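Peer 1: Just so you know, the protein sequences line up as chains A and B, in that order. Taking our numbering, the leading residue of the first sequence gets 2, the next gets one more, and so forth. Taking our numbering, the leading residue of the second sequence gets 2, the next gets one more, and so forth. Using N, Cα and C, we set each Cβ at its ideal position, and we do this for glycine too. As the structure is a computational prediction, the values presented were derived from the model and not from experiment.
Protein chains: 2
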Amino acid sequence: MGDDRVRIGVMAPGSRIDTGIADRVRTFAMDRFSDRLVEIYFHPQCFLASGHFAGDDAVRAEAFLDIANDESFDSLWFARGGYGACRIAEALIPRLSDAARRKTYLGYSDAGSLLAGLYKAGLSSLAHGPMPVDITRDGGDGAVERALAYLIDCAPNVLEAGISADTPTAAFNMAVLSQILGTALEPDLTGHVLMLEEVSEHMYRIDRLMFHITGNPGIRKVAGIRLGRCASIPANEPDFGQTEEEVVRHWCERSGIPYLGRADIGHDADNKVVPFGRVPTS
Amino acid sequence: MGDDRVRIGVMAPGSRIDTGIADRVRTFAMDRFSDRLVEIYFHPQCFLASGHFAGDDAVRAEAFLDIANDESFDSLWFARGGYGACRIAEALIPRLSDAARRKTYLGYSDAGSLLAGLYKAGLSSLAHGPMPVDITRDGGDGAVERALAYLIDCAPNVLEAGISADTPTAAFNMAVLSQILGTALEPDLTGHVLMLEEVSEHMYRIDRLMFHITGNPGIRKVAGIRLGRCASIPANEPDFGQTEEEVVRHWCERSGIPYLGRADIGHDADNKVVPFGRVPTS
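#1: Answer yes or no: do residue 201 of chain A and residue 232 of chain A have a C-beta to C-beta separation smaller than 9 angstroms?
#2: Please identify, using Cβ separations under 9 angstroms, the residues of the region 63-95 of chain A that lie next to chain B, in order along the chain.
#3: Given that residue 213 of chain A touches chain B, what residues does it touch there, using C-beta distances under 9 angstroms?
#4: Between which two residues does the beta strand (DSSP E) holding residue 7 of chain A run?
#5: Which ranges would you report for the beta strand (DSSP E) in the region 213-246 of chain B if only whole runs of at least 3 residues count?
#6: Assuming residue 106 of chain B and residue 174 of chain B make a contact with CB atoms under 8 angstroms, what is their CB distance in whole Å?
#7: Inspect the CB distances between the region 112-127 of chain B and the region 257-277 of chain B and report whether three or more fall short of 8 angstroms.
#8: Any chance the region 178-197 of chain B sits against the region 67-82 of chain B, with 3 or more Cβ pairs inside 8 angstroms?
#9: List the residues of chain A that residue 125 of chain B touches, going by C-beta distances under 7 angstroms, in chain order.
#10: Please list, in chain order, all residues of the same chain as residue 270 of chain B whose beta carbon is under 6 angstroms from its beta carbon, the five residues on each side excluded.
#11: Can you tell me whether residue 96 of chain A is helix, strand or coil according to DSSP?
#12: For the region 38-53 of chain B, which residues have a beta carbon sitting closer than 9 angstroms to at least one beta carbon of chain A?
#13: What did DSSP end up calling residue 28 of chain A once you bin it into helix, strand or coil?
#14: So what does DSSP say about residue 276 of chain A, is it helix, strand or coil?
#15: From this set, A:203, A:162, A:204, A:218, which residue's C-alpha is nearest residue 196 of chain A's C-alpha?
#16: Is there a C-beta anywhere in chain B that falls below 9 angstroms from the one on residue 219 of chain A?
#17: For residue 240 of chain B, which residues in chain A fall below 7 angstroms Cβ to Cβ?
#18: Using a Cβ-Cβ cut-off of 7 angstroms (strictly less than) and excluding sequence neighbours within five positions of residue 96 of chain A, which residues of its own chain qualify?
#19: Which residues in chain A sit within 7 angstroms of residue 205 of chain B, going by Cβ to Cβ distance?
#20: Which word fits residue 206 of chain B, buried or exposed, when buried means at least 16 other C-beta atoms lie within 10 angstroms of its C-beta?
#21: Does DSSP put residue 70 of chain A in a helix, in a strand, or in coil?
#22: Answer with buried or exposed for residue 208 of chain A, where buried requires no fewer than 16 other C-beta atoms within 10 angstroms of its C-beta.
#23: Rounded to a whole number of angstroms, what is the C-alpha to C-alpha distance between residue 46 of chain B and residue 56 of chain B?
#24: Please state whether DSSP places residue 118 of chain A in a helix, a strand or coil.
#25: To the nearest angstrom, how far is the alpha carbon of residue 156 of chain B from that of residue 150 of chain B?
#26: Taking the CB atoms as reference points, tell me whether residue 259 of chain A and residue 225 of chain A lie closer together than 9 angstroms.
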């Protein structure tokens with residue numbers, strides 16, 4: 002309508018959030034972006050509970066479509082990860098409207114399953130980056146501010162610094178990527194710089210995930226792998242004997258995938274935004 | 002050479018064991034199979050340590066080949082799981098001799114990566130079942146006796162009771178199978194009854210593993226899935242809301258794979274033997 006109002010819709014594809022998180026994020030956004038007309042709508046589904054999930058599969062899928070297919074929303078922001086996005090992703094794809102295809106989607110961790118499926122379906126404005134739940138972290142305001150600056154202004158300074166307009170990029174949690182390989186959600190990452198991060202996995206599991214990821218013929222077509230942060234690694238018994246970077250270098254070497262160094266992403270307040278595909282040159 | 006001596010070689014493809022486990026297993030075998038000429042050889046590699054592993058990849062691979070390619074051994078028994086078999090499996094395959102192809106291999110858990118690769122390579126006497134380390138479990142003597150009865154006499158009474166000569170079978174730990182799908186170790190399980198078990202994984206991870214496994218086009222060609230025991234499941238926060246059987250039924254239904262009920266396998270002393278492929282009719 003030509004106005005500069007920005008409408009952001011939030012839904013939870015996996016686990017639920019408390020209403021307090023929504024309140025904090027809205028208050029923070031009003032304060033920090035007081036000069037802008039920003040509306041953040043938290044779909045009531047975010048606060049539902051059905052066992053592990055923020056509502057059952059059908060409820061979460063409908064909430065996604067309520068926002069994605071609504072022309073009045075500029076973007077869909079995933080409330081948090083947890084687990085559950087892979088359960089609803091495949092069935093959503095055929096139900097996406099043109100409005101859904103024009104929208105920006107932002108999230109990470111478990112939400113990566115949905116980003117992957119949407120990327121495979123040809124959507125062009127998808128990004129790996131902070132979510133509303135990150136406001137509960139130490140320094141989490143910074144993460145949420147970064148996400149909002151991306152959703153409101155597409156601010157280039159919130160992007161991961163190594164992103165180049167020359168090469169397409171994608172970013173995933175290692176376990177989430179591993180668990181979509183070979184499924185209907187696996188995107189074509191040929192030629193992409195693939196950034197990977199992990200949290201709360203033992204070193205032996207990080208090693209096994211890298212075996213699995215780099216052993217995949219599709220993944221062997223990436224331009225290279227960059228390693229984000231691996232946080233809260235539980236103690237390995239006995240000590241694993243290799244760091245996460247040594248492990249990733251090992252599997253890159255074995256599989257013939259270039260190892261391109263570290264990436265500024267992770268399950269933390271410093272997590273930067275990584276758009277899927279090629280960043281438009283401005 | 003026509004004698005009825007049985008030689009069993011043991012190596013550790015992932016994590017190490019203590020010499021005490023080898024002593025207990027040998028003593029138990031001498032006692033329980035006192036009427037037979039049974040030699041159980043524990044390769045010295047079993048007791049090595051290299052960070053997480055029982056020796057580095059090269060050392061573990063050589064130990065495997067020392068036994069596999071030695072005509073004098075009737076079988077290779079994996080000492081334990083842990084983690085590491087996937088790191089050595091692919092490179093071993095081209096180095097297998099005819100002697101290796103005539104041998105029986107027995108193990109489970111992480112050793113499933115090797116069983117998978119060997120099965121893909123056309124070896125015909127592979128089985129999922131107890132390992133020497135199981136002697137440390139409550140009632141573990143029974144598990145080790147079952148394994149030995151299989152290795153020494155191919156005793157039919159130690160097999161999982163639902164196995165039919167009409168249908169080929171395979172058995173895996175869910176996480177181990179998930180992590181070889183799409184890699185060079187993935188076997189063709191078309192038409193197989195696939196038995197799956199798990200240990201120490203949260204319910205949300207079991208759900209995600211089943212999403213991944215049943216989402217794989219190769220796995221969708223199995224004759225059906227039977228669910229073994231899922232032991233030591235850590236508490237899910239919040240409660241997951243579904244049992245492991247409900248989860249497996251759900252994914253079977255979604256993927257069109259017949260769910261065929263429970264299987265008598267698991268990370269426990271009751272774990273039965275499941276030969277890969279078709280059990281020969283006697």
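Peer 2: The short version:
#1: Residue 201 of chain A is a Cβ neighbour of residue 232 of chain A, given a cutoff of 9 angstroms.
#2: Of all residues in the region 63-95 of chain A, 83, 84, 85, 87, 88, 91 have a Cβ within less than 9 angstroms of some Cβ in chain B.
#3: Those are 87, 179, 180, 181, 182, 183, 184, listed as they occur along chain B.
#4: Looking at the DSSP string, the run of the beta strand (DSSP E) that includes residue 7 of chain A is 7-12.
#5: With a minimum length of 3 residues, the continuous beta strand (DSSP E) runs that stay inside the region 213-246 of chain B are 225-232.
#6: Their Cβ separation, rounded to whole angstroms, is 16 angstroms, which puts residue 106 of chain B and residue 174 of chain B out of contact at 8 angstroms.
#7: Short answer: they touch.
#8: The region 178-197 of chain B makes no contact with the region 67-82 of chain B, as fewer than three CB pairs between them are under 8 angstroms.
#9: Correct list: empty, because the minimum Cβ distance to chain A is about 25 angstroms.
#10: Its chain contains 138, 140, 141, 143, 144 as the residues whose beta carbon lies nearer than 6 angstroms to that of residue 270 of chain B, once the 5 sequence neighbours on both sides are disregarded; these appear in chain order.
#11: Correct three-state label for residue 96 of chain A: helix.
#12: For the region 38-53 of chain B, which is checked against every Cβ of chain A, the residues closer than 9 angstroms are 50, 51, 52, 53.
#13: Correct three-state label for residue 28 of chain A: helix.
#14: DSSP places residue 276 of chain A in strand when its eight states are reduced to three.
#15: That would be A:162, whose Cα lies nearest to the Cα of residue 196 of chain A.
#16: Cβ-Cβ to chain B under 9 angstroms: yes for residue 219 of chain A.
#17: Residues of chain A passing the Cβ test: 52.
#18: Around residue 96 of chain A: 66.
#19: Chain A residues near residue 205 of chain B: 53, 84.
#20: Residue 206 of chain B should be labelled buried.
#21: Residue state, collapsed to three classes: coil.
#22: By the beta-carbon neighbour count (other beta carbons within 10 angstroms, threshold 16), residue 208 of chain A is buried.
#23: CA-to-CA, the gap between residue 46 of chain B and residue 56 of chain B works out to about 7 angstroms.
#24: DSSP places residue 118 of chain A in helix when its eight states are reduced to three.
#25: Going from the Cα of residue 156 of chain B to the Cα of residue 150 of chain B covers about 6 angstroms.
#26: Remark: C-beta atoms of residue 259 of chain A and residue 225 of chain A approach each other more closely than 9 angstroms.
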